[in-house]
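Note that the protein sequences, when read in sequence, are chains A and B.
Going by this note's numbering, the first sequence opens with residue 1, and the numbers climb by one from there.
Going by this note's numbering, the second sequence opens with residue 1, and the numbers climb by one from there.
A virtual CB, placed ideally from N, CA and C, is assigned to each residue, including glycine.
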Amino acid sequence: MPVGRAGAVARPKLRSRPSGWRATYAPDQRRSWLRLLLASRVAVLALAFLIGLAALSALAPLLAPADPELVNPAVRLRGPSPEHWLGTDDLGRDVLSRLLYGGRISLLVGAAVTLVAVVLGAALGLLAGYWSWLDGPIMRVLDGIMAFPGVLLAIAIVVSLGPGLGSVIIALALVYTPVVARLIRSTTLVIKQMPYVEAARCIGLPHRVILWRYVLANSVSPLIVQATFIVAYAILAEASLSFLGASGNPEAATWGAMLRDGQRLVSRAWWLALAPGTVLFLTVFALNLVGDVLRDALDPRAHERREDAPVQ
Amino acid sequence: MIAYVLRRVLLLLPIMLVAGSVTFALLHVIPGDPAAVMLGPEATPEQVAALRERLGLDEPLLAQYPRWLSRLARLDLGTSIFLDKPVTAAIRERIVPTLQLTLYALLIAVAVGIPAGVVAALHQDRLLDRALMLFAISGTAIADFFLAILLILLFSVTLRWLPSGGYTPFSDHPLQHLASMTLPALALGLSLAGLPARLVRATLLDVLREDFIRTAAAKGLMRETIAVQHALRNALLPAVTVLGYALGDLLGGAVVVETVFGLPGMGQLVVNSIARRDFPVIQGVVMVFAAIYLLTNLLVDVLYVYLDPRVRYAGR
């Protein structure tokens, strides 16, 4: 996927089941979304992969066979071997160790970007959706930010703020904030018309309570789904930035920087690009699967589908 | 119709204003003195002062902002610090390969994604559907530049069929041009194709449950005829929308993929400018891409009116 926002926004339904009469009956309301997630074999596998990756990255200082920055000219460009499971790069650094440390940065950026984008975007979306006089100004500003290709805006912001992990997180959070804001605005516009919101207003609840307890609380499901996809695409975007050398210390062990080395030496050392690229792919793939399963589980429309297509 | 287009153009103006303000702000969020940051630590105070004056940084913000906007309105993006020529000239030299790559990638995404979506929908929940959708999610999960490296590894390093880099202008040698653009366009286009494929499949499955499809089936039309002539027409609109929407990502992706293949496009300009801290160039490139994105989406909206008559009535 070209890195940016489209993947995080347009998530067409993957599964077309359950359909047929069975689906229109017996929607078991007691099943929590966590149980629905665990009911899917694919999602369990994906979750297991993600948890394993997080654990390996967190324990990188204990598990890594070598210092990821340690230059050792004696073992330059060695292929996978018992000493270096994933080989070494052109400075003799251990690829497996760099992969583990790179995972920390990727996961940290993915989580931090999503947290900031969700908080900021939800606040803006609630304001824009709830008070119509704020809608125009807020949405025009967000449209203006959306006009920039995600990676390029992030590059420009990182170059302005100066290299560093903090700049990358701020830049990518700004890229994904409009995505969250649009989602929450659209749910707010629907929810504020609901009778229970009207009732809440009638008994004199203040706006912030209505927004928090009714509007936001009822937007949590789509927000969780959206957040999952933002984690995935923020990780991909961080890799793009460090691939282009726009993220900070060019020697730091990040998946993007490793891919850049791999690209430079592609004809001499295939393992250099293959290791970080595959792990990056699997991570984004797993997050996508979890997001898809969550969305199908949390989508209330999944329970009231029409009959099977006559053309099959 | 003309009124609709005019209104769309007017709606574009405030967004352009915001985009221009964002690029203006980019220069002013630089911590410390932007001129000193751009010239690096080895610059003399005189050089820094000269650059400050050249960029107009010595004036108050309130004077700089309207001047920046008026220059933008005249399509003047300033002067590159390092290349010592107008940013617009630097971009004009570099923009052709980027636009070509974006266009080819879009064509590949459409040519692969839409048929794949139709075939998957017609084989719903069967093996072919599962396999196609596995490829589609893989496409949305793989980094375009990693796919580019994999393609180089397969077609250039191992099979030696296609060049792994270099660029030939179309006017010089059309065939060589296409050979040099094949791998970059495949990397970008195939990784995007999953998006329209999934969308076409999902909307087609919805449309296939509509009453008019039942009618068509009842009067004895063939499955394929119904799918292509009746259903696909209605299922294409979301795909057009999402491709217009993904264009921004595609332009950004072109910048990244270009650097893998060493194409002399905007990507190289951006990467070189990052290293040189040539800020006016980065500002200019970002602004040009935003303008391309907004104008193309305007085109998509106008196209919509032709594709879907309902929009014409709803737009009133």
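- Note that the region 203-216 of chain A does not touch the region 161-179 of chain A; fewer than 3 beta-carbon pairs, one per stretch, sit closer than 8 Å.
- Taking a C-beta cut-off of 7 Å against chain A, the contacting residues of the region 126-148 of chain B are M133, I137, S138, G139, T140, A141, I142, A143, D144, F145, F146, listed in chain order.
- The beta-carbon of R277 of chain B is placed less than 8 Å from the nearest beta-carbon of chain A.
- Judged by DSSP in its simplified three-state form, P31 of chain B adopts coil rather than helix or strand.
- Apart from the 5 residues on each side of it in sequence, V288 of chain B sits with its Cβ closer than 6 Å to the Cβ of I91 in its chain, given in chain order.
- For L192 of chain B, the chain A residues whose Cβ falls inside 8 Å of its Cβ are M1, P2, in order along the chain.
- If you look at G248 of chain B, you'll find it in the alpha helix (DSSP H) that goes 232-261.
- By the rule that beta-carbons nearer than 8 Å mark a contact, R213 of chain A does not touch chain B.
- Using a Cβ-Cβ cut-off of 8 Å, S160 of chain A counts as an interface residue toward chain B, since at least one Cβ of chain B sits closer than that to its own.
- The DSSP-derived three-state label of P14 of chain B is helix.
- Among the CB atoms of chain A, one or more fall inside 8 Å of the CB of A290 of chain B.
- In the three-state reduction of the DSSP assignment, D144 of chain B falls in the helix class, which pools H, G and I.
- Beta-bridge partners of T79 of chain B (DSSP): B:P86.
- With 16 or more other Cβ atoms from the protein chains shown falling within 10 Å of its own Cβ, D278 of chain B counts as buried.
- Taking a cut-off of 8 Å for Cβ pairs, the region 192-206 of chain B and the region 261-271 of chain B do not touch, as fewer than three such pairs fall below it.
- The Cβ atoms of F145 of chain B and S57 of chain A lie no closer than 8 Å to each other.
- With respect to the 8 Å criterion, G4 of chain A and G150 of chain A are classified as neighbours on the basis of their beta carbons.
- Secondary structure at T44 of chain B: coil, using DSSP grouped into helix, strand and coil.
- In this structure, L127 of chain A lies near I138 of chain A, with their beta-carbon atoms less than 8 Å apart.
- D135 of chain A sits in a helix when the DSSP states are folded into three classes.
- Counting along the chain, T168 of chain B sits inside no alpha helix (DSSP H), nor does DSSP assign it H or E at all.
- Annotation: N218 of chain A has no Cβ neighbours in chain B at a cutoff of 8 Å; minimum Cβ distance is about 25 Å.
- D94 of chain A has A:T88 as its beta-bridge partners, per DSSP.
- Each of A:L274, A:P222, A:L142 was checked against the Cα of T187 of chain A, and the nearest Cα belongs to A:P222.
- For M222 of chain B, the closest alpha carbon among the candidates B:L307, B:A116, B:L122 is that of B:L122.
- In the structure shown, F212 of chain B adopts helical secondary structure according to DSSP, grouped into three states.
- In the three-state DSSP reduction, E59 of chain B falls in the coil class, being neither helix nor strand.
- For the pair V286 of chain B and L152 of chain A, the CB atoms are nearer than the 8 Å cut-off.
- Going by beta carbons, S97 of chain A and P68 of chain A fall inside the 8 Å limit.
- The beta-carbon distance between R93 of chain A and L70 of chain A, rounded to whole angstroms, is 6 Å. This is short enough to meet the 8 Å contact definition.
- Within chain A, no C-beta atom comes less than 9 Å from the C-beta of I91 of chain B; the nearest is roughly 13 Å away.
- Between the region 181-192 of chain B and the region 88-104 of chain B, the count of C-beta pairs closer than 8 Å reaches three or more; the two stretches touch.
- Between V190 of chain A and the set A:A60, A:Y130, A:A227, the nearest pair of CA atoms involves A:Y130.
- Separation of V279 of chain A and I226 of chain B (C-alpha to C-alpha, rounded to the nearest whole angstrom) is 42 Å.
- Taking 8 Å as the cut-off, the beta carbon of R185 of chain A is found no closer than this to the beta carbon of I15 of chain B.
- Annotation: W85 of chain A has no Cβ neighbours in chain B at a cutoff of 9 Å; minimum Cβ distance is about 20 Å.
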